[in-house]
Amino acid sequence: MNVIYVLWLRQLKRYLRSRARLIGSLGQPLLFLFAFGFGFGPMYAKAGGGNYMQFLAPGVICMAILFTAVFMGIEIIWDRQFGFLKETLVAPVSRMNIMLGRTLGGATVATIQGVIVFLIALLAGFRPEYWYSVVFALPVMFLIAVLFTAFGTGVASVMSDFHGFQLVMNFLVMPLFFLSGALFPLNDLSKVINAIVRIDPLTYGVDALRGVFLGTSHLGLGPDILVLSLVTVLFLIIGSHLFSKIEV
Amino acid sequence: MTAIIRADGVTRKFRDFTAVDHASFTVEHGEIFAFLGPNGAGKTTTIKMLTTLLHPTSGTIEIDGHNPVTEQNEVRKSFGIVFQDPSVDDELTAYENMELHGVLYGIPRKLRRDRIDQLLEIVELSDRRNSLMKEFSGGMKRRLEIARGLLHHPKVLFLDEPTIGLDPQTRNHLWAYVQKLNKEEGITVFLTTHYMEEADRVANTIAVIDHGRIIERGTSQELKERTKTASLEEAFLALTGHEIREEQLDAHDQFRNRMRQKRR
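Residue numbers (the working numbering), protein chains in the order written: chain S, 4 to 251; chain B, 8 to 271.
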């Protein structure tokens, strides 16, 4: 238990000390929020979709969580290059606990990033239906964060260096984001796109967050949470299995 | 004297490459044991097997009576290690790195804090305890890593090329400290180095490994006599030949070397 806590704390300290990374990682979500939110807003309203900022904000919050979470998972590669990973791997603790501590720490950081984007979205005009929906939004955000941190951990465990990082960003993370319904509504999609969107776990995250904030979800809040939980457990199992196979 | 490390016919293969080939040796309680060999001879692979990071393909190992494959945690508690490359967290302070280690090794809080204070005092880093590691020089990092490796009171201390890239002052200081530890606390030291004069000066026993095989073992004096040479360096060259070794690097090592150059 102590081991998980101390590794969780480490992730948090590293995050809080690295201001540049903190601010840098907010750049992209902000750009999406403002460029898309204000750019597409009028068109979206004209098409009868209502207020686009309301629709977009949960999607961009998910984006911030997704990017940070995957990055936090992939950070294992850094630890490997800079040697710290070895220090944890020769310690008399189980790999499972190391993986859990890191993942929970990374997920906490990703959740904080999500909250920051949420606050900025409020400034941009986003209004949750009820103020107390924030209380329910936090656990949903954390769940999404755990899912993708575990995903990043798994990916990093099979990568030996940074070269694959760009590959992961372009072929995994970007598609996960763009095909999640974060930017567009899920109704009236063509069959092919609909099928792809349905296998993207982030779809359920975005939909759940919309459900919590706006009271309207496309797939239903219950099914969303169920799918997210199942995929999270699955990724945790796969991630810790791959992590246990790491050799340094 | 009894053996604290026992390797019996230890072999490790990576696909069709045999990194360590039926290596058998013992390290006695309380001695300073130098493990020498050219690049790519199998030193680091052997250390990884002794320290539970790799499993031998065949053969058995015993550390303080425990098997690193089947009794991983017992073995891990019994040794401390300073790796070839720095293994501290640069974003944490010296104290936090120590603290994290203490928690990983399950040392109770009070005892942990006392020992950290003591050890930081010994390696002369007390006044820098709250500085981030990235502000430390290579020598200071090394000192902290040694202090960290001792925090859980190990019986064996592994030092994998601990003095690489350090100035003579720091090297002298470091070895003097290791010898003192060995004498006063009775800690067994297992070290590798490319500086023969260091091995000559501090080690009680020297083993030479080449092409994955242990080719010689004895005191520095014995090695010199057997090869009819005047210095350990000459003895080493007589045993392992003069041609330069091309170390087989995997992608990961190559990358690490590049990063190391960049950081200089």
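For every residue, glycine included, the Cβ atom is placed at its ideal position computed from N, Cα and C.
Legend entry - Option nearest residue 186 (chain B) by Cα separation, candidates B:170, B:208, B:22: Along the second sequence, read from residue 1 onward, the residue named residue 186 (chain B) stands at position 179. Restricting attention to B:170, B:208, B:22, the CA atom closest to the CA of residue 186 (chain B) is found in B:208.
Inset, instruction - Using a Cβ-Cβ cut-off of less than 9 Å, list which residues of the stretch 73–99 of chain S approach chain B; keep chain order. - result: Taking 9 Å as the Cβ-Cβ cut-off against chain B, the residues of the stretch 73–99 of chain S that qualify are 82, 83, 84, 85, 86, 87, 88, 89, 90, 91, 92, 93, 94, 95, 96, 97.
Inset, instruction - Ignore the nearest five residues each way along the sequence and tell me which others in residue 258 (chain B)'s own chain have a CB closer than 7 Å to its CB. - result: On the second sequence, residue 258 (chain B) is found 251 positions in, with the first residue counted as 1. Low confidence applies to residue 258 (chain B): its pLDDT is 47, below 50, so where it sits in the model is not reliable enough to give any reading.
Inset, instruction - Decide yes or no for the touch test of the stretch 35–45 of chain S against the stretch 87–107 of chain S: beta carbon pairs closer than 8 Å, at least 3 of them. - result: No contact exists between the stretch 35–45 of chain S and the stretch 87–107 of chain S.
Inset, instruction - Using a Cβ-Cβ cut-off of less than 8 Å, give me the residues of the stretch 98–132 of chain B that come near chain S, in sequence order. - result: If the cut-off is 8 Å between Cβ atoms, the stretch 98–132 of chain B has 98, 99, 103, 106, 107, 108, 110, 111, 112, 113 near chain S.
Inset, instruction - At 7 Å on the CB atoms, spell out the chain S contacts of residue 92 (chain B), in chain order. - result: Counting from 1 along the second sequence, the entry for residue 92 (chain B) is found at position 85. By Cβ distance, chain S contributes 86.
Legend entry - chain S contact residues for residue 136 (chain B), given Cβ-Cβ distances below 7 Å: Within the second sequence, numbered from 1, the residue matching residue 136 (chain B) stands at position 129. Simply none; closest approach about 15 Å.
Legend entry - Cβ neighbours of residue 252 (chain B) in the same chain (closer than 8 Å, five flanking residues each side left out): Reading the second sequence from its first residue, position 245 is the one you call residue 252 (chain B). Counting only Cβ-Cβ distances below 8 Å, and skipping sequence neighbours, we find 45, 46, 47, 48.
Inset, instruction - Find the nearest neighbour of residue 53 (chain B) within the set B:129, B:90, B:250, B:236, judged by alpha-carbon distance. - result: Reading the second sequence from its first residue, position 46 is the one you call residue 53 (chain B). Closest by alpha carbon: B:90.
Inset, instruction - For residue 134 (chain S), count neighbouring C-beta atoms within 10 Å of its own C-beta (all shown protein chains included) and say buried if the count is 16 or more, exposed if not. - result: Locating residue 134 (chain S) in the first sequence gives position 131, counting from the first residue. Per the 10 Å Cβ criterion, exposed.
Legend entry - Whether residue 99 (chain S) touches residue 14 (chain S) by CB criterion (8 Å): Counted from its first residue, the first sequence places residue 99 (chain S) at position 96. Counted from its first residue, the first sequence places residue 14 (chain S) at position 11. No, these two residues do not count as a Cβ contact at 8 Å.
Legend entry - Cβ of residue 17 (chain S) within 8 Å of any chain B Cβ: Within the first sequence, the letter at position 14 stands for residue 17 (chain S). Judged by the 8 Å Cβ criterion, residue 17 (chain S) is in contact with chain B.
Inset, instruction - Could you tell me if residue 126 (chain S) is buried or exposed, where buried requires 16 or more neighbouring beta carbons within 10 angstroms of its beta carbon? - result: In the first sequence, counting from the first residue as 1, residue 126 (chain S) sits at position 123. The residue is exposed, with fewer than 16 neighbouring Cβ atoms inside 10 Å.
Legend entry - CB contact check: residue 21 (chain S) to chain B, cutoff 8 Å: As a working note, residue 21 (chain S) is residue 18 in the first sequence. By this cut-off, residue 21 (chain S) is an interface position.
Inset, instruction - Could you check if residue 169 (chain S) is buried or exposed, using at least 16 other CB atoms within 10 Å of its CB as the buried criterion? - result: For this step, residue 169 (chain S) is matched to residue 166 along the first sequence. Residue 169 (chain S) is exposed by the Cβ-count criterion.
Legend entry - residue 157 (chain S) versus S:195, S:78, S:123, S:23, residue with shortest Cα-Cα distance: Stepping through the first sequence from its first residue, residue 157 (chain S) is reached at position 154. Checking every option, the nearest Cα to that of residue 157 (chain S) belongs to S:78.
Inset, instruction - Report the residue ranges of all beta strand (DSSP E) runs contained in full by the stretch 159–237 of chain S; include only those spanning at least 3 residues, in chain order. - result: Listed in chain order, there is nothing to give.
Inset, instruction - Answer with buried or exposed for residue 191 (chain S), where buried requires no fewer than 16 other C-beta atoms within 10 angstroms of its C-beta. - result: The residue given as residue 191 (chain S) occupies position 188 in the first sequence. Label assigned to residue 191 (chain S): exposed.
Legend entry - Sub-8 Å separation of residue 151 (chain S) and residue 73 (chain S) beta-carbons: Your numbering for residue 151 (chain S) matches position 148 in the first sequence. Your numbering for residue 73 (chain S) matches position 70 in the first sequence. In this structure, residue 151 (chain S) sits near residue 73 (chain S), with a CB-CB distance shorter than 8 Å.
Inset, instruction - Determine, using beta carbons only, whether residue 13 (chain S) comes closer than 8 Å to chain B. - result: Along the first sequence, read from residue 1 onward, the residue named residue 13 (chain S) stands at position 10. Using a Cβ-Cβ cut-off of 8 Å, residue 13 (chain S) counts as an interface residue toward chain B, since at least one Cβ of chain B sits closer than that to its own.
Legend entry - Backbone CA spacing between residue 233 (chain S) and residue 209 (chain S) [nearest angstrom]: For this step, residue 233 (chain S) is matched to residue 230 along the first sequence. For this step, residue 209 (chain S) is matched to residue 206 along the first sequence. Between residue 233 (chain S) and residue 209 (chain S), the C-alpha separation is close to 16 Å.
Inset, instruction - Could you tell me how far apart the beta carbons of residue 96 (chain B) and residue 147 (chain B) are, in whole angstroms, since I believe they sit closer than 8 Å? - result: For the purposes of this step, residue 96 (chain B) is taken as the residue at position 89 of the second sequence. For the purposes of this step, residue 147 (chain B) is taken as the residue at position 140 of the second sequence. Contact between residue 96 (chain B) and residue 147 (chain B) is absent: CB atoms are separated by about 15 Å, not below the 8 Å threshold.
Legend entry - Element boundaries [alpha helix (DSSP H), containing residue 209 (chain B)]: Indexing the second sequence from 1 puts residue 209 (chain B) at position 202. Residue 209 (chain B) -> alpha helix (DSSP H) spans 203–209.
Inset, instruction - Answer yes or no: does any C-beta atom of chain S fall closer than 8 Å to that of residue 80 (chain B)? - result: Position 73 of the second sequence, counted from the start, is the residue given in the question as residue 80 (chain B). By the rule that beta-carbons nearer than 8 Å mark a contact, residue 80 (chain B) touches chain S.
Inset, instruction - Go ahead and pull the three-state DSSP assignment for residue 26 (chain B). - result: Translated into the one-based positions of the second sequence, residue 26 (chain B) becomes position 19. DSSP places residue 26 (chain B) in strand when its eight states are reduced to three.
Legend entry - Distance, residue 105 (chain B) Cα to residue 271 (chain B) Cα: Indexing the second sequence from 1 puts residue 271 (chain B) at position 264. Indexing the second sequence from 1 puts residue 105 (chain B) at position 98. Per-residue confidence for residue 271 (chain B) stands at a pLDDT of 46, beneath the threshold of 50, marking its modelled position as unreliable; no derived number is given.
Inset, instruction - Could you spell out where the beta strand (DSSP E) holding residue 3 (chain B) opens and where it closes? - result: The structure shown does not extend to residue 3 (chain B), since chain B is modelled only from 8 through 271, so no value can be given for it.
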